[in-house]
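Working notes for the structure below.
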Amino acid sequence: MSMPSLPGLQNPQNSQEEGRTLSFLSGNLAQVDVAKIERELNRLWDSAGKQEESSWTPVIRACALNVVLLCDDGKNEREFENLLADITVRHPCRAILAVIALAEVEKVEAWVTAHCHFLPGRLDKQMCCEQITVKWSGQSFKSEGLASVVTPLVIPELPSWLFAGSKHLTAAVVEPFLAYLDHLLIDSRFSDEESSAVCQERLKTLREKWQITLDLADRAVVVDLAWLTLSAWRKAIALAFDDTDVSIKPSRLQAVKTITIKYGGAAKGFSQALLLASWLSSRIKLEPSQANLSQASLHARYSKSGTDETTELNLVAVEGSCTGISSFEMTFSDGADKLNVDFVSGALRVSNAGNFEYMELPWSSARDREGAVEPVFNELVDFAFEHYAKDSVFLAAAKDAVSLLARCQC
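Position one of the sequence shown corresponds to residue 0 (numbering that gives the first Met the number 0), numbered consecutively onward.
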């Protein structure tokens, strides 16, 4: 299979067909009959394979997984299109963009295109994978209708992902897709629109996101991008109890007095801080007893089973350019130790009194920005596609987070 290396078309008798094929392989959307999507894709690939090798650069059609992205039209759609253009370099897939658009007249339309990339270190061969865009337009959206068009396009026996944008992360919308898709990707971090919501609305939104995660955990592997941003922080905290330089005994986890997590990005970073705290509470068996949220900061109290002792949690919003976790502090009941984890010089500094250790962070383009700790959105999605098994640690953290939010007052 090959594609033109020169802008001019060599065979005038087939110029229209070649032009359509070249447009498809160049990333341009071609509208197709909804009932004939597979047929049109096969015709375009067959056409590409029949072109003269003397004037076309060889193309490899590749697909290792299915990815269905559920989004609104406009800005959300463009963001997901940009995401696909990037992640298909490393994850060749059949990408299906399921778009929901409010309109007076109800209709379903479809387009196809391809994402092509030169293979690493080679300019004589390209790897291509396909994108199908299915747009539902109307006034009253029902997920079953869109799912009935999208799910037959999923290639059987390949890992299959559904990425539901925040607005559409509801059981009614997601469930019709899960009969054909075995992975659900979510992002519990607040969007710009959700960040402006009043306190009680934020708590309700966040609680619903994680409750859906728990409800669907038996039907799909659920991965939360907010959880993936915490990977380095969780490793750094664990390092303090498993490293001779920092030297805090694991038994000290039964004497935790306070946990303070500072985060940036106002409400957008709140879910990450709460999820990190809930990971700790689930690991050391703390039970939430009360919680209060003021502005974007939270104060909570946990009880310890079998004792009268309590642990205090403080999630504190900080000003600045940092988004996500900014710092972590843990104190203990006798005051003998104090664990701090801070972002310093491109690494996480884990310290206890005068003892410290540095944990290097994986490369990320976000490091080019001062104070940025977590990977950018596209890198997180890349990382997510490497998760194929249920994460019981994440589910336990989500369960504890839901329990805490149920007790939270504004």
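Backbone N, C-alpha and C define an ideal beta-carbon position, used for all residues, glycine too.
This structure is a prediction, so every number in the text was calculated from the model and none was measured.
Per-residue DSSP class, three states only, for residue i
i, result
"Q15", "helix"
"E78", "helix"
"S250", "helix"
"N41", "helix"
"P175", "helix"
"D123", "coil"
"K261", "strand"
"H167", "helix"
"I154", "coil"
"F269", "helix"
"D245", "Reading off the sequence, residue 245 comes out as Val, not Asp. In this structure, V245 counts as coil in the three-state DSSP scheme."
"F331", "strand"
"L69", "strand"
"V315", "strand"
"K203", "helix"
"A29", "strand"
"L5", "Reliability of the predicted coordinates at L5 is poor, the pLDDT of 40 falling under 50, and the value obtained from them is presented with this limitation in mind. It is coil, neither helix nor strand."
"L379", "helix"
"D214", "helix"
"E143", "helix"
"S411", "No statement about residue 411 is possible, as the shown extent of the chain runs from 0 to 409 and does not include it."
"A276", "helix"
"W362", "coil"
"K389", "coil"
For residue i, the residue or residues it bridges with in DSSP
i, result
"R188", "In the DSSP output, where bridge partners are listed per residue, R188 has none listed."
"V349", "V340, E356"
"T309", "S302"
"C92", "L64"
"W135", "I99, V107"
"E286", "S302"
"L183", "L161, V221"
"I324", "Y262"
"H116", "M126"
"I86", "DSSP output for I86 lists no bridge partner at all."
"A400", "Partner(s): none; A400 has no beta bridge."
"N291", "H298, Q408"
"I59", "M126"
"V255", "F331"
Residue i vs residue j beta-carbon contact at 9 angstroms
i, j, result
"A400", "R206", "yes"
"L285", "S302", "yes"
"W232", "V343", "no"
"Q271", "T243", "no"
"Q130", "L168", "no"
"W135", "E105", "yes"
"S142", "V172", "yes"
"G323", "V380", "no"
"L184", "A299", "no"
"T20", "S46", "yes"
"A316", "Q289", "no"
"V222", "K124", "no"
"I36", "L152", "yes"
"L101", "T150", "no"
"V107", "L68", "no"
"A266", "F376", "no"
"Y262", "S325", "yes"
"D71", "K166", "yes"
"G26", "T112", "yes"
"D214", "A276", "no"
Sequence-distant residues of the same chain with beta carbon closer than 6 angstroms to residue i, five excluded per side
i, result
"Q408", "N291"
"Q30", "W110"
"L202", "L404, C407"
"D186", "L224"
"H90", "F384"
"H386", "V222"
Close Cβ partners of residue i (< 7 angstroms) along its chain, the five nearest in sequence each way excluded
i, result
"C92", "C62, A63, L64, N65, V66, C128"
"N75", "G164"
"N351", "A239, V245, S246, I247, D336, K337, L338"
"N354", "D244, V245, S246"
"D85", "N377"
Neighbour flag for residue i against chain C, beta carbons, 9 angstroms
i, result
"S344", "Within the model displayed, chain C is absent; a lone protein chain is all it includes."
Spatial neighbours of residue i in its chain, beta-carbon cut-off 8 angstroms, leaving aside the 5 residues before and after
i, result
"V16", "The sequence given here places Glu at residue 16; Val does not occur at that position. Closer than 8 angstroms at Cβ, skipping near neighbours: S46."
"A219", "L161, L177, L180, D181, H182, L183"
"L347", "A231, W232, A235, V340, D341, Y357, M358, L360, V372"
Any non-hydrogen atom of the ligand SAH closer than 8 angstroms to residue i Cβ
i, result
"Q125", "With respect to small molecules bound, the structure shown includes none, and the ligand SAH cannot be examined in it."
Validate contact between the region 280-292 and the region 304-313 using beta carbons, cut 8 angstroms, 3 pairs = Short answer: they touch.
Can we say the region 116-124 touches the region 156-170, given the rule of at least three CB pairs closer than 8 angstroms?
-> Three or more beta-carbon pairs separated by less than 8 angstroms are not found between the region 116-124 and the region 156-170, which leaves the two stretches without contact.
Would you check if the region 206-225 and the region 241-261 touch, i.e. whether three or more CB-CB distances between them fall below 8 angstroms?
-> Flag = no, the region 241-261 and the region 206-225 do not touch.
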